[in-house]
Amino acid sequence: MHKNLFAYADRQGVYEALQRDYKRDHRQIQVMDLVVFAAVAFLARHLSGWDYAAVVIGTVVLMTRLNTFIDNSNRNFFMHMIDWLDAKAQLR
């Protein structure tokens, strides 16, 4: 759900809210990644050494790649938004 944070605070307040939410969400992602890793390690516990290592390493790589993709998508969105705001300011 989208809320216009600027309706509730000034630029500084919005920035602080975004930082607070980022830290909260980052911690949640770390916990969920750990839960996924633990579940995969548990489910793969009867595999032989190399198979177990491949599954665990593959899970770590997959989770890291997914998190990086999401972070890059968000960063790309914000860069486009900054470009748009700059272009809008130049048109005035």
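Take the sequence shown: its letters are residues 205 to 296, numbered as in this note's numbering. Glycine included, every Cβ here is placed at the ideal spot set by N, Cα and C.
The alpha-carbon of LEU222 is positioned some 12 Å away from that of HIS230. Here the alpha carbons of ASP237 and LYS227 stand approximately 15 Å from one another. Per DSSP, reduced to three states, the secondary structure at LEU247 is helical.
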